[in-house]
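Working notes, structure below.
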Amino acid sequence: MAPPARTLAPVPPRLWRWAWIAADALAAAVVVAAVVLMRPASGWWVWCLAGLLGLPLAVRRWWPVPVLVVVLLATATALVVGIGVEIVVYVVAAALYPVALSSARAAAWGLAAALGGVLVPGLVDAFVAGLPIVPAREGVESFSTTPLTVTGYGTAVVAASWALARAVRTRRRHASQLADLRVARAIAEERLRIARDVHDVVGHSLSLITMQAAVANHLGSGREAALRTIEEASRSALADVRTVLGGLREGTPGDTTGAPGPVDLDRLVEETRAAGVAVTVDRADLSRVPAGVRTSAYRIVQEALTNVRRHARATRCRVTVAATDDELSLTVVDDGTAPRRTDRPGHGLLGMRERATLHGGSLSAGPEPDGGFAVRAILPFRT
160 MAPPARTLAP VPPRLWRWAW IAADALAAAV VVAAVVLMRP ASGWWVWCLA
210 GLLGLPLAVR RWWPVPVLVV VLLATATALV VGIGVEIVVY VVAAALYPVA
260 LSSARAAAWG LAAALGGVLV PGLVDAFVAG LPIVPAREGV ESFSTTPLTV
310 TGYGTAVVAA SWALARAVRT RRRHASQLAD LRVARAIAEE RLRIARDVHD
360 VVGHSLSLIT MQAAVANHLG SGREAALRTI EEASRSALAD VRTVLGGLRE
410 GTPGDTTGAP GPVDLDRLVE ETRAAGVAVT VDRADLSRVP AGVRTSAYRI
460 VQEALTNVRR HARATRCRVT VAATDDELSL TVVDDGTAPR RTDRPGHGLL
510 GMRERATLHG GSLSAGPEPD GGFAVRAILP FRT
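Using my numbering, the letters of the sequence shown map in sequence onto residues 160 to 542.
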């Protein structure tokens with residue numbers, strides 16, 4: 160058997176940040192060294208100009224706008240003097256990138272300032288006699304020797320930096336929007352889950368309370384039993400609602416550690432029997448069924464029995480719960496005679512279908528050929 164594949168741990172964001180800072184510091188050192196080594200003249204002022212061009216790049220991520228301003232002033236000075244002309248366009252492109260990355264407005268004025276800071280002093284060199292002060296070395300392209308080529312090249316490099324920043328900024332915005340959409344979807348799904356649970360709990364209990372209240376109101380005998388059933392149904396509904404809303408308060412949406420069991424199903428059956436419907440149950444062992452699937456199955460049976468009491472005018476009902484190694488099947492069949500339309504289903508039927516779809520299953524509801532009404536659901540699962 161092959162050993163399990165090893166996955167690399169993600170790099171912490173703080174480590175990435177320090178890596179980029181180190182890269183900026185290295186770039187600043189390279190710029191200073193390049194200006195000094197390729198100088199056509201010598202003197203302390205060359206070192207000063209090289210420092211003004213390169214050192215600000217080390218802090219461009221902290222102060223992007225001040226760095227761009229300093230670099231543009233140093234670039235204009237370098238072009239007029241004739242020092243570092245081979246590398247200034249790359250320095251400007253590097254200083255422009257974090258400015259263009261911050262916002263669209265900053266990118267627009269940053270691009271204009273960068274092009275102006277490179278092209279204006281360059282064209283001054285090309286058309287003003289005696290500039291640059293230090294003539295370009297032989298064989299080296301510059302604004303004074305090949306103005307058209309250097310102008311086009313400089314424009315392309317600066318524009319490429321701006322375009323790259325714009326692409327990265329757009330990608331980050333899309334990623335942020337996608338994250339917001341995922342959060343909104345999660346919130347909507349959680350609200351829908353809570354709405355389904357509250358609908359199932361309240362609808363089931365209120366239907367039972369309504370029927371028992373009618374019995375207590377119209378019958379002289381059996382009033383105490385009806386009132387007792389109303390009290391029990393009210394307490395049960397209150398406990399269920401507290402459970403549903405308690406998970407929301409505790410920040411554990413969808414928690415199914417307290418999934419309904421056989422006792423809860425027995426309670427549903429007894430409540431339906433108390434409403435005058437003879438219910439028979441055929442159920443399998445559900446100990447291997449995941450808690451989330453058991454919860455959905457319980458709510459489907461609860462809603463189906465609620466509909467039997469509300470709409471079916473049924474006298475008998477059969478509930479069948481079967482389980483295999485990979486799916487749970489439910490069937491609730493009654494002998495009711497009242498018609499129930501399924502072309503425009505109500506919230507209860509929609510809720511049952513949503514619960515089945517949540518687990519990749521299916522649900523069908525409709526009249527039986529020999530009379531009555533049946534709800535059948537299949538809920539797949541993995542153990």
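All residues carry an ideal CB built from backbone N, CA and C; glycine is no exception.
Query	Result
Check whether Ser186 and Leu216 have beta carbons under 7 angstroms apart	A small fix is needed here, since residue 186 is Ala in this sequence, not Ser. Closer than 7 angstroms, so yes.
Range covered by the alpha helix (DSSP H) that runs through Phe532	Per DSSP, Phe532 belongs to no alpha helix (DSSP H); it is in the beta strand (DSSP E), 532-539.
Expected contact under 8 angstroms - CB spacing of Val534 and Val491 to nearest Å	5 angstroms
Local Cβ density within 10 Å of Asp484, reported as buried at 16 or more and exposed below that	exposed
Classification of Ile292 by the beta-carbon crowding that lies within 10 angstroms, buried from 16 upward	exposed
Alpha carbon of Gly245 to alpha carbon of Val230, nearest angstrom	In the sequence on display, residue 245 carries Glu and not Gly. Approximately 15 angstroms between the Cα atoms of the pair.
Cβ pair count under 8 angstroms reaching 3, the region 276-286 against the region 235-242	yes
Collapsed DSSP secondary structure at Arg442 in the structure displayed	strand
Beta bridge counterpart(s) of Pro526 as assigned by DSSP	Phe532
Cβ pair Leu227, Ala271 closer than 7 angstroms	no
Residue environment, Pro280, which counts as buried when at least 16 other CB atoms sit within 10 Å	buried
6 angstroms CB neighbourhood of Thr155 in its chain, flanking five on each side removed	In this structure the chain extends from 160 to 542, so residue 155 is not present and cannot be described.
Same chain, Cβ closer than 6 angstroms to Arg173, neighbours up to 5 away in sequence not counted	none
Cβ-based neighbour list, Val428, same chain, cut-off 6 angstroms, excluding 5 preceding and 5 following	Val438, Val440
Presumed contact (8 angstroms Cβ cut-off) between Val258 and Val224, rounded CB distance	6 angstroms
Residue nearest to Thr304 in terms of C-alpha spacing, selected from Leu290, Arg475, Cys207, Val422	Leu290
Residue ranges of each alpha helix (DSSP H) within the region 221-286, 4 or longer	223-240, 247-261, 263-286
Proximity to Arg475 [Cα-Cα], best of Asp423, Gly530, Arg447	Gly530
Which of helix, strand or coil DSSP assigns to Arg219	coil
Inter-residue Cα distance where the pair is Leu522 and Arg220	57 angstroms
Buried/exposed call for Glu527, threshold 16 Cβ in 10 Å	exposed
Span of the beta strand (DSSP E), counted from its first residue to its last, around Arg481	The sequence shown places Ala at residue 481, not Arg. 475-482 is the extent of the beta strand (DSSP E) around Ala481.
Inter-residue Cα distance where the pair is Val436 and Arg477	10 angstroms
Buried or exposed by the 16-neighbour rule on C-beta atoms within 10 Å, applied to Thr411	Unreliable positioning characterises Thr411 in this predicted model, as indicated by a pLDDT of 43, which lies under 50. A coordinate reading is not provided.
Short Cβ contact (7 angstroms threshold) for Gly520 with Leu538	yes
DSSP state of Asp485 mapped onto helix, strand, coil	coil
Among Arg453, Val467, Phe540, Arg330, nearest to Glu430 - alpha-carbon criterion	Val467
Helix, strand or coil at Asp494 [DSSP, three-state]	coil
Exposure label - Ala536; buried when at least 16 CB within 10 Å	buried
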